[in-house]
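Everything on this sheet refers to the single structure shown next.
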Amino acid sequence: MTQQISVRQTACFCAISLLALKLITLPSLLATMSTSSAIVVALIMFVLDLFLLYIFLKVKEKYPNLSLYELIKKVFGSVVAKIIYVILFSFYILKLVMLNNEAIAYMRNVVDEDFKLIVYLMTFLPVVIAMVNSGLKITARTIEFGFVFIFIGLIFCLFLSEVTFTYGEIGPIFKENILNILNSCKDVGFWFSDFLFITIISDKIKYKKNMKKIVFSYVFITLIILIALYIIYFRLFNVTAFLHRSAIADITQYNRNIGNSGNIDIIAILVYMFIIFFQGAIYFTGAKIMFEKIVGYDNKIHAIIFITLLILALQLFVFYNLDLIINFVFKYLKYFGVVAWIIIPLYLICLLIFDREKGDELVKKKSKQN
Numbered sequence: 027m028t029q030q031i032s033v034r035q036t037a038c039f040c041a042i043s044l045l046a047l048k049l050i051t052l053p054s055l056l057a058t059m060s061t062s063s064a065i066v067v068a069l070i071m072f073v074l075d076l077f078l079l080y081i082f083l084k085v086k087e088k089y090p091n092l093s094l095y096e097l098i099k100k101v102f103g104s105v106v107a108k109i110i111y112v113i114l115f116s117f118y119i120l121k122l123v124m125l126n127n128e129a130i131a132y133m134r135n136v137v138d139e140d141f142k143l144i145v146y147l148m149t150f151l152p153v154v155i156a157m158v159n160s161g162l163k164i165t166a167r168t169i170e171f172g173f174v175f176i177f178i179g180l181i182f183c184l185f186l187s188e189v190t191f192t193y194g195e196i197g198p199i200f201k202e203n204i205l206n207i208l209n210s211c212k213d214v215g216f217w218f219s220d221f222l223f224i225t226i227i228s229d230k231i232k233y234k235k236n237m238k239k240i241v242f243s244y245v246f247i248t249l250i251i252l253i254a255l256y257i258i259y260f261r262l263f264n265v266t267a268f269l270h271r272s273a274i275a276d277i278t279q280y281n282r283n284i285g286n287s288g289n290i291d292i293i294a295i296l297v298y299m300f301i302i303f304f305q306g307a308i309y310f311t312g313a314k315i316m317f318e319k320i321v322g323y324d325n326k327i328h329a330i331i332f333i334t335l336l337i338l339a340l341q342l343f344v345f346y347n348l349d350l351i352i353n354f355v356f357k358y359l360k361y362f363g364v365v366a367w368i369i370i371p372l373y374l375i376c377l378l379i380f381d382r383e384k385g386d387e388l389v390k391k392k393s394k395q396n
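Residue numbers (my numbering): 27 to 396.
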């Protein structure tokens, strides 16, 4: 129980997860798929994510001492639980690879167009591995401390941007067919559903009665900033938005409030790199926990070594640039990710509605079996 984290630290996890994979390529991908309704697609997915977060917190409230693995095992047994965790493990590894590729693309855009993959990995992996190896509690404290800087930095990025606009400058947002909008939502599902991490570490979170209020306050404030950045992005670039694949960089570089167009903004770089390190630690921690459940024993060092080698292999030999991983996601993971953001939430909703057994009773049964 010494590795339990506080509700406030959980809220910071959720706020960082809300930003993950949404500040670089996602806005341009939305513009590519649904030019006139990109902001609508984003808003639908944000609302869906908030609904899923509510479900996950309700599950935590009912089963305060159980993780997602125990909740799946409770009904379907350990074999199905391991299969689900293998799918989620693969999902998290690919999210890590996507995170790395987006970060590399960002650095090549704002720092050096010849920025090397190996240089990034030599910087990123040691920091993330050190955070994961230190344990969940220390990782949570680090993210809680760094979140203040990220929050202030994002506010600063807003002030660097062009913020005065009219409705007409954003464009018609309900021009496209609703089926096209929903299809776009399905295609970008991989870039969302990051709140699922809360269920994976649910047994390691201290429960408080006002947990939902604290978590949602952090998430709502972060979401307001994120939506503001998206509106500014689509306002600045409009019909050419799909060409700008590093959203946060382009927002702060190309606007009339900055003296020199294309100026490197060190604040935006630092904010984004903090997000990358923190979200990388969250993905890596989730993958480590799932790996330990899959193999059936807890060995932090073995898990870290395996995940590190797997990431290096995928990064260096399979998905060595951003377009490769994006094409793979669009071709396969829009169906693969259904497990993460449809099937598991539906299962948890069924538990909330139909399961009459409380979490404490399940813990007692589990302890008796052990």
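Idealized CB from N, CA, C, for every residue including glycine.
{"Query": "Is it true that the CB of S93 sits closer than 8 Å to the CB of I227?", "Result": "yes"}
{"Query": "Using the three-state DSSP reduction, which class does E31 fall into: helix, strand or coil?", "Result": "A quick correction: the sequence has Ile, not Glu, at residue 31. Residue state, collapsed to three classes: strand."}
{"Query": "Give the secondary structure of I50 by DSSP, where H, G and I count as helix, E and B as strand, and everything else as coil.", "Result": "coil"}
{"Query": "Taking the alpha-carbon positions, what's the A339 to F304 distance?", "Result": "22 Å"}
{"Query": "Counting C-beta neighbours from all protein chains within 10 Å, is the total for F317 16 or more, i.e. buried, or is it exposed?", "Result": "buried"}
{"Query": "Looking at C38 and E170, is the spacing between their C-beta atoms short of 8 Å?", "Result": "yes"}
{"Query": "Return yes when the Cβ of D75 is within less than 8 Å of the Cβ of F177, no when it is not.", "Result": "no"}
{"Query": "So L55 and L359 are supposed to be a Cβ contact under 8 Å. How far apart are they, rounded?", "Result": "Not a contact, Cβ separation roughly 13 Å."}
{"Query": "Can you tell me which of Q30, L262 and I70 puts its alpha carbon nearest to the alpha carbon of P90?", "Result": "Q30"}
{"Query": "For V355, which residues in the same chain have their Cβ closer than 6 Å to its Cβ, ignoring the five residues on either side in sequence?", "Result": "F216"}
{"Query": "Can you say whether P152 is buried or exposed, counting buried as having 16 or more other CB atoms within 10 angstroms of its CB?", "Result": "exposed"}
{"Query": "When we look at the beta-carbon of K314 and count the other beta-carbons within 10 Å, is it buried (16 or more) or exposed?", "Result": "buried"}
{"Query": "Among A166, I181, Y298 and Y233, whose alpha-carbon lies nearest the alpha-carbon of T311?", "Result": "A166"}
{"Query": "Whose CA, out of A57, M71 and M59, lies closest to the CA of L249?", "Result": "M71"}
{"Query": "Alpha carbon to alpha carbon, how far is K232 from N264?", "Result": "45 Å"}
{"Query": "For the alpha helix (DSSP H) containing T168, name the first residue and the last one.", "Result": "L162 to F185"}
{"Query": "State the Cα-Cα distance for the pair I293 and N135, rounded to the nearest angstrom.", "Result": "15 Å"}
{"Query": "Just to check my reading of the structure: S272 and Y132 have Cβ atoms closer than 8 Å, yes? What is that Cβ distance to the nearest angstrom?", "Result": "5 Å"}
{"Query": "Can you grab the Cα-Cα spacing for the pair Y14 / C40, in whole Å?", "Result": "Within the shown structure, residues of the chain are numbered from 27 to 396, placing residue 14 beyond reach of any answer."}
{"Query": "Do you know how far the Cα of V321 is from the Cα of H328?", "Result": "11 Å"}
{"Query": "With distances taken Cα to Cα, identify the nearest neighbour of L45 among K234, I155, I274 and A57.", "Result": "I274"}
{"Query": "From V106 to K99, what distance separates their C-alpha atoms?", "Result": "7 Å"}
{"Query": "In the DSSP assignment, what residue or residues form a beta bridge with I231?", "Result": "I31"}
{"Query": "Determine the burial state of T266: buried for a count of at least 16 other Cβ atoms within 10 Å of its Cβ, exposed for fewer.", "Result": "exposed"}
{"Query": "Answer yes or no: do I251 and I181 have a C-beta to C-beta separation smaller than 8 Å?", "Result": "yes"}
{"Query": "Closest to L78 by C-alpha separation, out of L262, P371, C376 and F380, would be which residue?", "Result": "P371"}
{"Query": "When the cut-off is 8 Å and only beta carbons count, does L184 lie next to chain D?", "Result": "Going by chain labels, chain D is absent from the structure shown, which holds only one protein chain."}
{"Query": "Kindly give me the distance between the Cβ atoms of F300 and G172, rounded to whole angstroms, as I take these residues to be in contact under 8 Å.", "Result": "5 Å"}
{"Query": "Using only alpha-carbon positions, find the residue among R261, L114, I164 and S210 that is nearest to I367.", "Result": "First, the amino acid is wrong: residue 367 is Trp here, not Ile. Minimum Cα distance to W367 is reached at L114."}
{"Query": "Using DSSP with H/G/I as helix, E/B as strand and the rest coil, what is V214?", "Result": "coil"}
{"Query": "DSSP three-state label for I43, please.", "Result": "Here the sequence assigns Ser to residue 43, which means Ile is not the residue at that position. DSSP places S43 in helix when its eight states are reduced to three."}
{"Query": "Return yes when the Cβ of I337 is within less than 8 Å of the Cβ of L83, no when it is not.", "Result": "no"}
{"Query": "Could you pull out every residue in the same chain whose Cβ sits closer than 8 Å to the Cβ of L125, ignoring the five residues on either side in sequence?", "Result": "A46, L47, I302, Q305, G306 and Y309"}
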